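Note sheet for the following structure.
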Amino acid sequence: MLTHYIQANTNGRLHPASEPSITPLNRGFLYGDAIYEVWRTYGGVIFAWDEHWDRLRASAGALHLPLEQTKEEVLVELRRTVAEYRVHVPDAGELYIRLQITRGAGAIGLDVALADKTNFIILVQPCPELSLEKLNQGLRLSVAKSLRRNPAESLDPAWKTGNYLNNLLCLREAKDRGADDVVILNRDGDVTEASVSNIGFVRGGRLMTPPLSAGILGGITRKLILGGIAKAAGFAADEVRIRPAEFPAMEECFLMSTTKDLVPVCEIDGIRFAVGQNTATNRLKAAFANAARAYAEAHPELAA
Ligand code: PLP
């Protein structure tokens, strides 16, 4: 059910996202044979343009999926889509910009040789915002019991593909228990990430997050925090193996993603974490906002 206008751009054709777009023979629909990226704007500027582009290229390479547009051509299409969105929603604030690329359509069958040519679909909508209440209270998480994160030797979680069934089913299970999001473990029982966010913890003034080798998406938000934002906020940051048995020893927990930046977590299955004004999470969130503002000021050429 759609509650707001979403602008689509299918292979260059601008249309409301509520209207039909690709054919039912599209391999993205049939097999999840697709990749995607999500950018958001800060101050109307497309944030972390290069980082997301590089990850898109890595996902395309992993799926042996040729990218037919150059980075510059994609930017032109993103801008066209945003401009059309603004015609429909003139007073929109910060935007969510999604680029989905599928291998195309063709006769039914898994063989990639059956695909005609890659399709792109861009979707633009307001950047989703958590309610102030949730932001202040923090999210409630629950550990997935029936499923584990798919291992890197299968559909590697590092690839941002059109197949999110593993995460979707883990989220469903956690929501069934009344949680807002899920903590997914790998086959060794280590913490990986949440459904569409990386996870971090604070203990003794140190920030900790699972390493890429746990089998996670290399989130851009996580990367930026590890790459300097944590230090700017006065914290040491480490990638360490984390097991659920360690949750009671953690002081704080938070999620990281492009649309959320950092969001505090108040509990995982009844184990409580500090939330609020004087927390490390709040300081990190403020440092992230400063970095995002500085990026927007430094990149007027990425205004959308
Ligand atoms: N982990 C998963 C599984 C995701 O889908 C996402 C974002 O969609 C993230 C982590 C966070 O990544 P980013 O910070 O690049 O948005």
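Residue 52 is where the sequence shown starts when you use my numbering, and the numbers rise one by one after that.
Backbone N, C-alpha and C define an ideal beta-carbon position, used for all residues, glycine too.
What you are looking at is a predicted structure, and each value in this text was computed from that prediction instead of being measured.
N- and C-terminal bounds of the beta strand (DSSP E) containing G92
In the sequence shown, counting from the first residue as 1, residue 92 sits at position 41. Contrary to the premise, residue 92 reads as Thr rather than Gly in this sequence. That run of the beta strand (DSSP E) goes 85-93.
Please identify the residue among N60, R64, Y93 whose C-alpha is closest to the C-alpha of P351.
Locating residue 351 in the sequence shown gives position 300, where the first residue counts as 1. The candidate whose alpha carbon is nearest that of P351 is Y93.
Quick one: Cα of G229 to Cα of T169, how far?
Residue mapping note: residue 229 aligns to position 178 of the sequence shown, counting from 1. Residue mapping note: residue 169 aligns to position 118 of the sequence shown, counting from 1. Approximately 40 Å between the Cα atoms of the pair.
Can G270 be considered in contact with ligand 1, in the sense that its beta carbon sits closer than 8 Å to one or more heavy atoms?
As a position in the sequence shown, residue 270 is number 219, starting the count at 1. True, at least one ligand heavy atom lies under 8 Å from that Cβ.
Using CA coordinates, which residue listed in L206, G155, L220, S193 is at the minimum distance from C317?
Stepping through the sequence shown from its first residue, residue 317 is reached at position 266. Answer by Cα proximity: S193.
Would you list the residues sitting across from P257 in a DSSP beta bridge?
In the sequence shown, residue 257 corresponds to position 206, counting from 1. Sequence check: residue 257 is Arg here, not Pro. Beta-bridge pairing links R257 to R254, A287.
How is the alpha helix (DSSP H) around R131 delimited, first residue to last?
What you label residue 131 is simply residue 80 of the sequence shown in a count that begins at 1. Start and end: 122-139.
Per-residue burial, M301 [other beta carbons within 10 Å of its own, 16 or more giving buried]:
Numbered from 1 along the sequence shown, position 250 holds the residue referred to as residue 301. Answer is buried; the Cβ neighbour count reaches 16.
Given the structure, does S308 come close to ligand 1, in the sense that its CB is under 8 Å from one of the ligand's heavy atoms?
Residue 308 sits at position 257 when you count from the first residue of the sequence shown. Yes.
For ligand 1, I want to know if I267 counts as a neighbour, meaning its beta carbon is within less than 8 Å of at least one of the ligand's heavy atoms.
Here residue 267 corresponds to residue number 216 of the sequence shown, with the count starting at 1. Inclusion of I267 in the 8 Å shell around ligand 1 follows from its C-beta lying nearer than that to a non-hydrogen atom of the ligand.
Between C178 and E224, what straight-line distance do the alpha-carbon atoms span, to the nearest angstrom?
For the purposes of this step, residue 178 is taken as residue 127 along the sequence shown, with counting starting at 1. For the purposes of this step, residue 224 is taken as residue 173 along the sequence shown, with counting starting at 1. Distance between the alpha carbons of C178 and E224 is about 26 Å.
Leaving aside the five residues before and after D312 along the sequence, list all residues of the same chain whose C-beta is less than 8 Å from its C-beta, in chain order.
For the purposes of this step, residue 312 is identified with residue 261 of the sequence shown, where counting begins at 1. If we look at D312 and ignore the five residues flanking it on each side, its Cβ neighbours are T272, K336, F339, A340, A343.
Within the segment 274-326, note down every full beta strand (DSSP E) run reaching 3 residues or more, in order along the chain.
Within the segment 274-326, the complete beta strand (DSSP E) runs of at least 3 residues are 287-290, 303-308, 312-319.
Scan the segment 160-216 and note each continuous beta strand (DSSP E) run of 3 residues or more that stays entirely inside, going in chain order.
Those beta strand (DSSP E) runs which fall completely within the segment 160-216 and span 3+ residues are 170-177, 190-194.
Would you mind giving the Cβ-Cβ distance between G251 and F305, rounded to the nearest angstrom? I have them listed as a contact below 8 Å.
Locating residue 251 in the sequence shown gives position 200, where the first residue counts as 1. Locating residue 305 in the sequence shown gives position 254, where the first residue counts as 1. Contact flag correct, Cβ pair sits at about 5 Å.
For R64, which of helix, strand or coil comes out of DSSP?
Numbered from 1 along the sequence shown, position 13 holds the residue referred to as residue 64. If DSSP states are grouped into helix, strand and coil, R64 belongs with the strands.
Identity of the residue in K185, G189, N217, R191 nearest L197 by Cα
For the purposes of this step, residue 197 is taken as the residue at position 146 of the sequence shown. Here residue 197 turns out to be Ser, not Leu, going by the sequence shown. It is N217 whose Cα lies nearest to the Cα of S197.
Between which two residues does the beta strand (DSSP E) harbouring D232 extend?
Taking the first residue of the sequence shown as position 1, residue 232 is located at position 181. Run containing D232: 232-236, per the beta strand (DSSP E) assignment.
Opposite I152 in the DSSP bridges: which residues?
Position 101 of the sequence shown holds residue 152. I152 is bridged to I86, F171.
From the DSSP secondary-structure annotation, give me the bridge partner or partners of I97.
On the sequence shown, residue 97 is found 46 positions in, with the first residue counted as 1. Beta-bridge pairing links I97 to T92.
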